[in-house]
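Engineer: Take a look at the following structure, please.
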C-alpha cells in the first residue's frame, strides 16, 4: 500500500470538530491527520490535545514543518481568498469550506489562481453527500420516477444557528449565501443547470441585519421547474432542523422526503416506503448525524479524488455554478425580475 497522505486542518472552531472526527474515521483509507492550525492558540491547542497532532497558529510555519499533501480550510469565508491563494502558490492541494467567499469577484479570483498554478481546489459542499440526498439521486438516476419535471426543496427552521455562529447576525447577505447555497446545489444535482431564476427575500427576525428568509423559483435547462425555500425564522414544533424536505415529480411518479429515515415513492396509484441507511458512528449524535456523516462522506469523496488524480464533484469550477445562482438570486430579489446565472470566464 502507498504511504498515507498528510492532512492538515486550518480552523478549529465549532463546525471544524465534525471535519476532525471525519478525518480520524478515514485513517484506514490512507488519510493521516497530521496537523491543526488556528489563529486562536486556545482552539488550536484544544484540537491538538483531542487528536494527538501538532498545533500551529501560523499557516506558513505549519506548511514548512509538516508539509501536508492536502489542507482542509474550515474558516470564515472572508479569510478564504488569502488562505487559498497562499496554498495554491505553495503548490498545496486544498479543500475550502462553503460559502466559497463573500462575493463573486473573490470566487473568480480563487478559481483563476487555482487554474494558474494547476492546483487542486475543491469546495466542501456537503448537502449532496447527505445519506438521504445520495439515496434520492440514486433513485432519480435509476429512472424511479421517470424524467424529472418539478420539485420543491425546502429547509425551514427556527433553530438558533446564531448561538454557535453569532457573527451571522451582522452578515450583509445571510440566508441565501449561508443556507440557500446548499439547497441550490442539490437543486442543480437533481434537476440540472439553471437558465433563469426569480427570488423574494424577507427579513423577519429584527435582530439580524440581512435576509433570513428566501423563496426562489428556478427554470432548469432541461425544462424542469423547482421551488427552493430557506429560512432561519420558521415557527414550528417539532422543528425539522437540520433536515431538508423534498417533493419531486416526474413523468412516471413522484418521491417525497419528509424525514431522514425513509423516502415515499409513488406511481400515482400506490406508494412504497424506502428506508435510508444512515448509521451513527460513535462520535455522531441525532439529529446532527445527517450533517456529521455528510461531512465525512464529502471529505472521503474529495480525498479519493485527489489521491486518484481526479477532479472532485465539488471542484471549484462546479461550485462556481452554484455560487452564481446565489448572486442571481440576490440580484433578482433586488430588482424583482428573473436573472440568468453568470458563467466563470477563466483566465
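In the working numbering, the protein residues as written are 2 to 348.
Glycine residues also receive a C-beta, built at the ideal position from the N, C-alpha and C atoms.
1. Run through the DSSP bridge pairs and tell me what residue 227 is partnered with.
2. Take residue 238 as the anchor and find which of 145, 158 and 338 has the nearest alpha-carbon.
3. How far does the beta strand (DSSP E) with residue 210 in it extend, from its first residue to its last?
4. If you run the structure through DSSP and keep just helix, strand and coil, what is residue 202?
5. Can you say whether residue 111 is buried or exposed, counting buried as having 16 or more other CB atoms within 10 angstroms of its CB?
6. Terminal residues of the continuous alpha helix (DSSP H) containing residue 118?
7. Assign residue 164 to one of three DSSP states: helix, strand, or coil.
8. In whole angstroms, what is the alpha-carbon distance linking residue 129 and residue 184?
9. How is the alpha helix (DSSP H) around residue 75 delimited, first residue to last?
10. Rounded to the nearest angstrom, what separates residue 122 and residue 270 at their Cα positions?
11. DSSP has residue 13 in a bridge; who is on the other side?
12. So for residue 246, helix, strand or coil by DSSP?
13. Rounded to whole angstroms, what's the CA-CA distance from residue 180 to residue 68? Just pull it up for me.
14. I need the boundaries of the beta strand (DSSP E) containing residue 381, first residue and last residue.
15. Just the C-alpha distance for residue 288 and residue 165, rounded to the nearest angstrom, thanks.
16. Would you call the region 41-61 and the region 320-332 touching, i.e. three or more CB-CB distances under 8 Å?
17. Using alpha carbons as the reference points, say which of 21, 114 and 113 lies closest to residue 74.
18. Give me the Cα-Cα distance between residue 26 and residue 298, rounded to the nearest whole angstrom.
19. For residue 118 and residue 219, I'd like the C-alpha separation in whole angstroms.
20. Since residue 267 and residue 254 should fall inside the 8 Å C-beta cutoff, what is the C-beta to C-beta distance between them, to a whole number of angstroms?
21. So does the region 95-103 actually touch the region 301-320, counting three or more Cβ pairs closer than 8 Å?
22. DSSP on residue 38, reduced to helix/strand/coil?
23. Just to confirm before moving on: does the CB-CB distance between residue 149 and residue 192 stay below 8 Å?
24. Quick check: the Cα distance between residue 57 and residue 33, rounded to an integer number of angstroms?
25. Would you kindly work out how many angstroms separate the C-alpha atoms of residue 78 and residue 272, rounded to a whole number?
26. Per the contact definition of three or more C-beta pairs closer than 8 Å, is the region 336-343 in contact with the region 196-204?
27. What whole-angstrom Cβ distance do residue 300 and residue 23 have, given they're in contact under 8 Å?
28. Residue 177 and residue 330: beta carbons closer than 8 Å?
29. Does the beta-carbon of residue 19 have 16 or more other beta-carbons within 10 angstroms, so that it is buried, or is it exposed?
30. Exposed or buried, which one is residue 156 when buried takes at least 16 other CB atoms within 10 Å?
31. Does the beta-carbon distance from residue 72 to residue 9 come in below 8 Å?
Structural biologist: Reading off the structure:
1. Along the chain shown, one-based indexing puts residue 227 at 226. DSSP output for residue 227 lists 152 and 219 as bridge partner(s).
2. To locate residue 238, count along the chain shown from 1; it is residue 237. The residue with the shortest Cα to Cα distance from residue 238 is 158.
3. Within the chain shown, the letter at position 209 stands for residue 210. Looking at the DSSP string, residue 210 is not in any beta strand (DSSP E), and its letter there is neither H nor E.
4. Here residue 202 refers to the residue found at position 201 when the chain shown is read from its first residue. Residue state, collapsed to three classes: strand.
5. The sequence position of residue 111 within the chain shown is 110, counting from 1. With 16 or more Cβ atoms within 10 Å of its Cβ, residue 111 is classed as buried.
6. Numbered from its first residue, the chain shown carries residue 118 at position 117. That residue, residue 118, is in no alpha helix (DSSP H); it is neither H nor E in DSSP.
7. Here residue 164 corresponds to residue number 163 of the chain shown, with the count starting at 1. The answer is coil: DSSP assigns residue 164 none of H, G, I, E or B.
8. Counted from its first residue, the chain shown places residue 129 at position 128. Counted from its first residue, the chain shown places residue 184 at position 183. If I take the Cα positions, the gap works out to 9 Å.
9. As a working note, residue 75 is residue 74 in the chain shown. Residue 75 -> no alpha helix (DSSP H), and no H or E assigned at all.
10. For the purposes of this step, residue 122 is taken as the residue at position 121 of the chain shown. For the purposes of this step, residue 270 is taken as the residue at position 269 of the chain shown. Cα to Cα, residue 122 sits roughly 47 Å from residue 270.
11. Locating residue 13 in the chain shown gives position 12, counting from the first residue. Residue 13 is not bridged to any residue.
12. Position 245 of the chain shown, counting from 1, holds the residue named residue 246. Reduced to three states, the DSSP call for residue 246 is strand.
13. Within the chain shown, the letter at position 179 stands for residue 180. Within the chain shown, the letter at position 67 stands for residue 68. Straight-line Cα distance between these residues: approximately 34 Å.
14. Because the chain spans 2 through 348 in this model, residue 381 falls outside it and cannot be assessed.
15. Locating residue 288 in the chain shown gives position 287, counting from the first residue. Locating residue 165 in the chain shown gives position 164, counting from the first residue. One C-alpha to the other measures close to 16 Å.
16. no
17. The residue labelled residue 74 in the question sits at position 73 within the chain shown. That would be 21, whose Cα lies nearest to the Cα of residue 74.
18. For the purposes of this step, residue 26 is identified with residue 25 of the chain shown, where counting begins at 1. For the purposes of this step, residue 298 is identified with residue 297 of the chain shown, where counting begins at 1. Distance between the alpha carbons of residue 26 and residue 298: 10 Å.
19. Within the chain shown, numbered from 1, the residue matching residue 118 stands at position 117. Within the chain shown, numbered from 1, the residue matching residue 219 stands at position 218. C-alpha separation (whole angstroms): 35 Å.
20. In the chain shown, the residue the question calls residue 267 occupies position 266. In the chain shown, the residue the question calls residue 254 occupies position 253. Confirmed, Cβ separation roughly 5 Å.
21. yes
22. Here residue 38 refers to the residue found at position 37 when the chain shown is read from its first residue. DSSP places residue 38 in strand when its eight states are reduced to three.
23. Position 148 of the chain shown, counted from the start, is the residue given in the question as residue 149. Position 191 of the chain shown, counted from the start, is the residue given in the question as residue 192. Yes; because the gap between Cβ atoms is below 8 Å, this pair is in contact.
24. Here the question's residue 57 lines up with position 56 in the chain shown. Here the question's residue 33 lines up with position 32 in the chain shown. Answer to the nearest angstrom: the Cα atoms are 17 Å apart.
25. For this step, residue 78 is matched to residue 77 along the chain shown. For this step, residue 272 is matched to residue 271 along the chain shown. Distance between the alpha carbons of residue 78 and residue 272 is about 43 Å.
26. yes
27. For the purposes of this step, residue 300 is identified with residue 299 of the chain shown, where counting begins at 1. For the purposes of this step, residue 23 is identified with residue 22 of the chain shown, where counting begins at 1. Right, their Cβ atoms sit about 5 Å apart.
28. What you label residue 177 is simply residue 176 of the chain shown in a count that begins at 1. What you label residue 330 is simply residue 329 of the chain shown in a count that begins at 1. Yes, Cβ-Cβ distance for residue 177 and residue 330 is below 8 Å.
29. In the chain shown, the residue the question calls residue 19 occupies position 18. Its Cβ being crowded by 16 or more others within 10 Å, residue 19 is buried.
30. Here the question's residue 156 lines up with position 155 in the chain shown. Result: buried.
31. Along the chain shown, one-based indexing puts residue 72 at 71. Along the chain shown, one-based indexing puts residue 9 at 8. It is a contact, given that the beta carbons lie within the stated cut-off.
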